[in-house]
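J.: Quick one: the structure is below, and I'll ask about it shortly.
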Amino acid sequence: MLILLLGIVFLHVAALVLLFVSTTVSAWTTGAARSSDLWHNCSTTNGEFHCEPASTGEWIQAVQALMILSIIFSVIALIVFFCQLFTLQKGGRFFLTGTFQIFASLFVMSGAVIYTVMSPKWVAPTETLGWAYILAWVAFPLALISGLIYVILRKRE
Amino acid sequence: RVLCWLTSVIQGRWSSELLWVSACEYLKLPQQSEAIVIYTGWERHALVGSDIRLSCSFFSWRWTSEDVTFSWSYRPDGARDSISIFHYTGGAPYVDNKGPFRDRLEFVGNPARRDGSILLKNLDYGDNGTFTCDAKNPPDIVGRASSVRLLVFEKVPIQAGVITGAIIGAVLGLLVLIVVIYYLMRFLVARRVFNLSVSKHGRKGKGKEGSQQRQVPALSIGDPSKLKAAASEKKKQESRKDKK
Chain W
1 MLILLLGIVF LHVAALVLLF VSTTVSAWTT GAARSSDLWH NCSTTNGEFH CEPASTGEWI
61 QAVQALMILS IIFSVIALIV FFCQLFTLQK GGRFFLTGTF QIFASLFVMS GAVIYTVMSP
121 KWVAPTETLG WAYILAWVAF PLALISGLIY VILRKRE
Chain G
1 RVLCWLTSVI QGRWSSELLW VSACEYLKLP QQSEAIVIYT GWERHALVGS DIRLSCSFFS
61 WRWTSEDVTF SWSYRPDGAR DSISIFHYTG GAPYVDNKGP FRDRLEFVGN PARRDGSILL
121 KNLDYGDNGT FTCDAKNPPD IVGRASSVRL LVFEKVPIQA GVITGAIIGA VLGLLVLIVV
181 IYYLMRFLVA RRVFNLSVSK HGRKGKGKEG SQQRQVPALS IGDPSKLKAA ASEKKKQESR
241 KDKK
């Protein structure tokens, strides 16, 4: 039981860390002389480092909002989980925790999908999608699985 | 010089002659230049065809001198060199009459109030660039020129963070609303259950058939659900009677 508990908390925290890193790190799109994240579009031209704020596209703000929301929901889910751990009756399911976590996973999925569809308009098509983008995609199944486990799991103690 | 004369008049009454002469001598010396800080905006957005006022002001510790100068220069995006487009000196403004802002530039500042603003009219996409303002308030001449970047748009873009904030705020607001409605419903349901149980106890206390008959229609005036609840209770009571 304890191992299961630790495992699910670990899964949750891992998803949360992935979300956080992918939101903040400037590697959603990488290329030879440029890198961009959800906040800035930086490039090196003639040895000069130049950053452009992400105010030009409306959709990038939607991605920002979805990523932040997924982090917030995941954090709420973690807090609710610990609350339910102590207050839930024996045999009860962690429905509330699971709902929040599944919502978080849906948010990150929406954000990543929007980025996939819209990124050619923002960055040059020659550049490849970076590892922070991949992290966001990895965080989606992790969050979804942990959310489903929360729903399936019954409280034993 | 006026200041020096004034101090000499004031000081002459009390202090010795030697002292105020030395003070005045100090003031007559080539004055020390102090730092001057120049302010412009950071970035300005404008629509094509509109006018924009680029403001420039400065701070220095001295009074505004008559020799105050303002100069604006312009560097187009992608160009390496900047060209001078405006100069104010000796109380007269000199505007660009050959360069890119021919007939489109106007001085709207007030040098006496340390304002060296210019107005650019009928903006075009070619006006994208960096505008640098430099001001001198002799003898304060040591200062860094300040630059403002002008971006000309077809439509003004939405500020960064507005949509982000709107989406996050909407979702979190919805969440709070759901929680509030949930607790409100629970509160209302709890109160209704409480009321029903109270009325039940009341009936039990009276224990008479007549009072019951009177209470049921009074309840049924409300909503049908209450009527149902009342009816079901009536049934329960009847079944209890049967058991008895």
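These protein sequence lines map, in sequence, to chains W and G. When we follow UniProt numbering, the leftmost residue of the first sequence carries the number 1, and every step to the right adds one. When we follow UniProt numbering, the leftmost residue of the second sequence carries the number 1, and every step to the right adds one. Each residue gets a CB set at the ideal place from its N, CA and C atoms; glycine is no exception. No experiment lies behind these values; they were computed from the predicted model shown.
Does the distance from the C-beta atom of Ala77 (chain W) to that of Gln101 (chain W) stay below 8 Å?
T.: yes
J.: Have a look at G:Val148, G:Asn128, G:Gly143, G:Phe59 and flag the residue whose alpha-carbon is nearest the alpha-carbon of Gly78 (chain G).
T.: G:Asn128
J.: Give the single residue among G:Pro138, G:Arg102, G:Lys200, G:Phe153 whose Cα lies nearest to the Cα of Val48 (chain G).
T.: G:Phe153
J.: At 7 Å on the CB atoms, spell out the chain G contacts of Ala62 (chain W), in chain order.
T.: Ile163, Ile167
J.: Give the residues of chain W in contact with Val179 (chain G), contact being defined as C-beta atoms less than 9 Å apart.
T.: Correct list: empty, because the minimum Cβ distance to chain W is about 11 Å.
J.: Any residues in the segment 66-96 of chain W with a beta carbon nearer than 8 Å to a beta carbon of chain G? Which ones, in chain order?
T.: Leu66, Ile68, Leu69, Ile72
J.: Looking at chain G, is there any beta carbon in it that lies within less than 8 Å of the beta carbon of Glu127 (chain W)?
T.: no
J.: What residues of chain W sit near Val171 (chain G), judged by a beta carbon separation below 7 Å?
T.: Leu69
J.: With DSSP collapsed to three states, give me the class of Gly136 (chain G).
T.: It is Lys, not Gly, that sits at residue 136 (chain G) in the sequence shown. Reduced to three states, the DSSP call for Lys136 (chain G) is strand.
J.: In whole angstroms, what is the alpha-carbon distance linking Ala14 (chain W) and Gln89 (chain W)?
T.: 27 Å
J.: Quick one: what's got a C-beta closer than 6 Å to Phe58 (chain G)'s C-beta in the same chain, skipping five residues either side?
T.: Ile36, Ile38, Arg114, Ala135
J.: If you run the structure through DSSP and keep just helix, strand and coil, what is Asn122 (chain G)?
T.: coil
J.: I think Leu19 (chain W) touches Met67 (chain W), with their Cβ atoms under 8 Å apart; what is that distance to the nearest whole Å?
T.: 7 Å
J.: For Asn97 (chain G), tell me which candidate among G:Ser84, G:Val108, G:Asn137, G:Arg75 has the shortest Cα-Cα distance.
T.: G:Ser84
J.: Helix, strand or coil, according to DSSP, for Thr87 (chain W) in the structure here?
T.: helix
J.: Nearest to Arg154 (chain W) by CA position, among W:Thr29, W:Pro120, W:Ile60, W:Thr97, is which residue?
T.: W:Thr97
J.: So does the segment 167-186 of chain G actually touch the segment 66-73 of chain G, counting three or more Cβ pairs closer than 8 Å?
T.: Contact between the segment 167-186 of chain G and the segment 66-73 of chain G is absent: fewer than 3 CB-CB pairs across the two stretches fall below 8 Å.
J.: What whole-angstrom Cβ distance do Thr29 (chain W) and Ser119 (chain W) have, given they're in contact under 8 Å?
T.: 6 Å
J.: Just checking my contact of Ala62 (chain W) with Ile163 (chain G) at CB under 8 Å: how many whole Å lie between their CB atoms?
T.: With a contact defined as Cβ atoms closer than 8 Å, Ala62 (chain W) and Ile163 (chain G) qualify at about 6 Å.
J.: Cβ atoms of Thr40 (chain G) and Ala112 (chain G): under 8 Å apart, would you say?
T.: no
J.: Per DSSP, what are the beta-bridge partners of Pro76 (chain G) in this structure?
T.: G:Gly129
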